[in-house]
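Quick notes on the structure that follows.
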Amino acid sequence: MSTVLSIQHVSKSYGPVRALNDVSFDIPSGTVFGILGPNGSGKTTLLGITMDILKADSGSYRLLEEEPTEIQRKQIGTLLETPNFYHYLSAVRNLRIAAAIKGRGHDDIERVLKVVNLWERKDSAFSTFSLGMKQRLAIGAALLGDPEVLMFDEPTNGLDPVGIAEIRELIKKLRLQGKTIIMASHLLDEVEKVCTHVAILKKGHLITHGDVNEILANEDIVELAAADNGLLKKVITQFSGYSNMKEEDGMIRLYFPLGVANLEALNKHCFNGGVILNHLQVKKKSLEAKFFELTN
Amino acid sequence: MLKLLKIEWLKIKNYNAFIVLVSFFALGVVASNFIVYSTFNNSITKSAGVSMIMAAFNPYSFYNTWQTTSYVAGWILMLPSLLLIILVTNEFTYRTNRQNIIDGWSRNQFTSVKMMMALIAAILSTVLVFITALVFGAASHTDFSFNGISHVGFFFLKALSYNMLAIFMAVLIRRTGFAIAVFFIYMGAENIISQLLDVWSVKLRTQDNLDLGSMGDYLPMGASDGLLTFPKNNLRDIASSAFATNFTWLVLGIALAYLFIFYFFGKRRMLRSDL
Numbered sequence: 000m001s002t003v004l005s006i007q008h009v010s011k012s013y014g015p016v017r018a019l020n021d022v023s024f025d026i027p028s029g030t031v032f033g034i035l036g037p038n039g040s041g042k043t044t045l046l047g048i049t050m051d052i053l054k055a056d057s058g059s060y061r062l063l064e065e066e067p068t069e070i071q072r073k074q075i076g077t078l079l080e081t082p083n084f085y086h087y088l089s090a091v092r093n094l095r096i097a098a099a100i101k102g103r104g105h106d107d108i109e110r111v112l113k114v115v116n117l118w119e120r121k122d123s124a125f126s127t128f129s130l131g132m133k134q135r136l137a138i139g140a141a142l143l144g145d146p147e148v149l150m151f152d153e154p155t156n157g158l159d160p161v162g163i164a165e166i167r168e169l170i171k172k173l174r175l176q177g178k179t180i181i182m183a184s185h186l187l188d189e190v191e192k193v194c195t196h197v198a199i200l201k202k203g204h205l206i207t208h209g210d211v212n213e214i215l216a217n218e219d220i221v222e223l224a225a226a227d228n229g230l231l232k233k234v235i236t237q238f239s240g241y242s243n244m245k246e247e248d249g250m251i252r253l254y255f256p257l258g259v260a261n262l263e264a265l266n267k268h269c270f271n272g273g274v275i276l277n278h279l280q281v282k283k284k285s286l287e288a289k290f291f292e293l294t295n
Numbered sequence: 000m001l002k003l004l005k006i007e008w009l010k011i012k013n014y015n016a017f018i019v020l021v022s023f024f025a026l027g028v029v030a031s032n033f034i035v036y037s038t039f040n041n042s043i044t045k046s047a048g049v050s051m052i053m054a055a056f057n058p059y060s061f062y063n064t065w066q067t068t069s070y071v072a073g074w075i076l077m078l079p080s081l082l083l084i085i086l087v088t089n090e091f092t093y094r095t096n097r098q099n100i101i102d103g104w105s106r107n108q109f110t111s112v113k114m115m116m117a118l119i120a121a122i123l124s125t126v127l128v129f130i131t132a133l134v135f136g137a138a139s140h141t142d143f144s145f146n147g148i149s150h151v152g153f154f155f156l157k158a159l160s161y162n163m164l165a166i167f168m169a170v171l172i173r174r175t176g177f178a179i180a181v182f183f184i185y186m187g188a189e190n191i192i193s194q195l196l197d198v199w200s201v202k203l204r205t206q207d208n209l210d211l212g213s214m215g216d217y218l219p220m221g222a223s224d225g226l227l228t229f230p231k232n233n234l235r236d237i238a239s240s241a242f243a244t245n246f247t248w249l250v251l252g253i254a255l256a257y258l259f260i261f262y263f264f265g266k267r268r269m270l271r272s273d274l
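Protein sequence lines, in the order shown, are assigned to chains E and H. Counting in numbering that gives the first Met the number 0, the first sequence runs from 0 upward without gaps. Counting in numbering that gives the first Met the number 0, the second sequence runs from 0 upward without gaps.
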């Protein structure tokens with residue numbers, strides 16, 4: 000598997016603020032790679048550096064396994080931070096400029112405008128668009144020329160629920176076509192639904208990165224409840240294999256190493272100990288919980 | 000470069016401010032020269048007293064027409080500069096400078112094409128001045144002559160200096176209103192400083208006491224301004240030349256040096272800073 004983007008020891012400061020601190024990771028091709036972090040964690044700065052609109056203080060990066068130049072950028076469809084268009088020009092005229100810069104013909108403009116549902120408004124000036132329409136035009140511009148790699152920074156910004164669902168479907172479709180999608184977001188729900196890999200940033204530090212299942216599901220959580228939770232707790236203490244036990248929300252949560260939890264054995268143990276369970280369930284940690292755990 | 004320029008054309012051809020300012024400038028060049036032209040013509044026919052003197056001097060006869068038209072048109076050169084400031088700062092305001100680079104221009108290409116626009120604007124203004132001078136020259140019924148065509152060249156240099164200063168300010172300041180304000184304030188300030196230096200007689204002299212004019216004539220805009228003067232005639236006070244001809248070359252060199260400074264630092268800023 001080749002590497003689409005390789006980031007090596009990148010650091011960047013804005014005056015006294017350290018926006019990125021020695022960040023390194025690789026983005027393999029064919030993945031949907033989520034870059035997560037709270038507001039101000041350095042996501043956009045990182046993507047901006049890889050697009051040469053920001054200059055890193057130190058460190059380097061490689062695009063498509065080559066030294067980065069404008070040639071690689073032409074092959075990556077990018078939406079960074081805000082939709083950037085000429086306000087006085089229509090959607091079509093704006094896309095003609097983008098297509099010309101990318102070195103592509105005009106023949107793809109109709110397709111992308113239809114994909115993002117803006118074909119009816121193709122001759123309206125950009126300044127007359129709503130926030131969501133501007134965002135969709137920016138996504139359309141990124142799709143021009145059907146690039147193999149797409150980079151979306153907060154792609155669902157300003158979109159209504161239908162628009163968000165459409166973009167999610169679009170990303171899934173692109174993934175099925177074998178495209179690599181790099182997506183920065185603070186909307187965890189969105190990332191959890193589409194990403195295969197994640198990198199988590201906090202205040203410019205890379206906290207963790209890798210396969211989304213490995214990062215999210217490094218523990219199995221088993222929820223148990225019985226009529227008498229006190230007795231249940233006593234019985235559970237004699238059961239081995241879990242790493243931690245917590246009592247919350249009228250339930251007992253047992254934390255097992257990944258893949259170790261055996262519900263049958265647990266159920267049997269409780270029954271033999273005289274406790275009848277009324278709730279027994281394995282829960283994967285939600286990305287949100289994991290995110291708070293990692294970033295707090 | 001042609002490819003880049005075609006894309007610039009796509010950006011501006013439907014932009015109202017572009018159309019308005021270009022029309023204003025084109026009209027302005029013709030109209031301002033027409034005013035000077037008719038003023039002189041009227042004074043010849045109407046005021047009998049001066050007519051004897053004026054008749055001997057027609058600013059639009061060949062070869063004066065090259066110099067007069069260039070000088071008069073030089074006064075409205077801020078219009079193309081204003082347009083260039085707007086076009087460049089628009090890119091920063093709309094953040095399309097970022098998008099152009101994201102889409103696949105290099106920073107160098109983005110900067111070069113803007114500098115090229117300054118050059119093209121200067122060339123087109125010069126062509127306009129050339130044609131205007133030709134028409135007014137023909138209207139004054141004198142024999143055609145290329146004598147004094149160097150003034151059209153000086154006009155080109157002045158236009159390029161204004162345009163490059165405009166690009167430089169736009170790249171440095173990035174905000175439309177602020178850049179325009181600084182551009183005009185700078186123009187005014189340089190004039191005042193230049194006048195003060197004159198008043199304080201900060202004169203430059205070489206060893207053989209050749210007068211090299213005032214310090215103020217060597218400031219960025221003064222250098223190219225000084226090359227363009229109203230034609231001399233027997234009414235000496237109508238115009239005074241900032242420079243004696245024997246150091247035109249020196250001033251020319253200095254104007255070119257300023258151009259290079261604008262080019263170099265403008266480009267450096269675009270290549271190195273965050274966008």
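Virtual Cβ for every residue (Gly too), placed ideally from N, Cα, C. If you're wondering where the values come from, they're calculated on a predicted model, not measured in any experiment.
Under a 10 Å Cβ-count criterion, V281(E) is classified as exposed, with fewer than 16 other Cβ atoms of the shown protein chains found around its own Cβ.
The beta carbon of D142(H) lies closer than 7 Å to those of F61 in the same chain, with the five residues before and after it left out. A contact between stretches requires three or more CB pairs, one per stretch, nearer than 8 Å, and the stretch 68 to 87 of chain E meets this requirement with the stretch 95 to 115 of chain H. Where N228(E) is concerned, the enclosing alpha helix (DSSP H) starts and stops at N228 to I235. The beta carbon of G58(E) is closer than 6 Å to those of Q7, H8, V9 and S10 in its chain, skipping five residues each way along the sequence.
Judged by their CB atoms, V31(E) and I170(E) are nearer to each other than the 9 Å cut-off. Under the Cβ criterion of 9 Å, F128(E) is not counted among the residues facing chain H.
For the stretch 140 to 156 of chain E, the set of positions with a beta-carbon nearer than 7 Å to some beta-carbon of chain H is empty.
Apart from sequence neighbours up to five positions away, the residues of its chain that approach G272(E) with a beta-carbon distance below 6 Å are V234, ordered along the chain. Contacts with chain H (Cβ-Cβ distance below 7 Å) from the stretch 75 to 92 of chain E involve T77, L79, T81, N83, F84, Y85, H86, Y87, L88 and R92, listed in chain order. If you draw a straight line from the Cα of K113(E) to the Cα of L187(E), it is about 28 Å long. A Cβ-Cβ separation of about 6 Å places T77(E) in contact with A141(E) under the 8 Å criterion. Taking the Cα of D56(E) as reference, the smallest distance to any Cα among S12(E), L45(E) and R92(E) is reached at S12(E). Bridge partners of F24(E) according to DSSP: I6(E).
Cβ-Cβ separation between M132(E) and L143(E): approximately 17 Å, too far for a contact (criterion under 8 Å). By the Cβ rule, the stretch 71 to 88 of chain H does not count as touching the stretch 260 to 268 of chain E, because fewer than three pairs are nearer than 8 Å. Assigned with DSSP and collapsed to three states, Y93(H) falls in coil, not helix or strand.
In terms of beta-carbon proximity, L257(E) stays away from the interface with chain H, with every pair separated by 9 Å or more.
Scanning the stretch 163 to 234 of chain E for uninterrupted alpha helix (DSSP H) segments of 4 residues or longer gives 187 to 193 and 211 to 215, listed from N- to C-terminal end. Closest in C-alpha terms to K172(E), from the list G14(E), S1(E), N20(E) and G29(E), comes G29(E). For G29(E), no alpha helix (DSSP H) run applies, since DSSP gives it neither H nor E.
Per DSSP, the beta bridge partners of G33(E) are M182(E) and V197(E). With a cutoff of 9 Å on beta-carbon distance, I206(E) and L293(E) are scored as near each other.
Contact annotation for I253(H) against chain E: no contact, minimum CB-CB distance about 34 Å [criterion: below 8 Å]. Separation of the CB atoms of M114(H) and I166(H) is rounded to 6 Å, and the pair is thereby assigned contact status at 8 Å.
Boundaries of the alpha helix (DSSP H) harbouring E7(H): L1 to I11, taken from the DSSP string. Of the other Cβ atoms in all chains shown, fewer than 16 fall within 10 Å of the Cβ of V198(H); this residue is therefore exposed.
For G58(E), the uninterrupted beta strand (DSSP E) segment begins and ends at S57 to L62.
When the Cα atoms are used, A224(E) and N93(E) turn out to be separated by approximately 59 Å. Listed as beta-bridge partners of Y13(E) by DSSP are V16(E).
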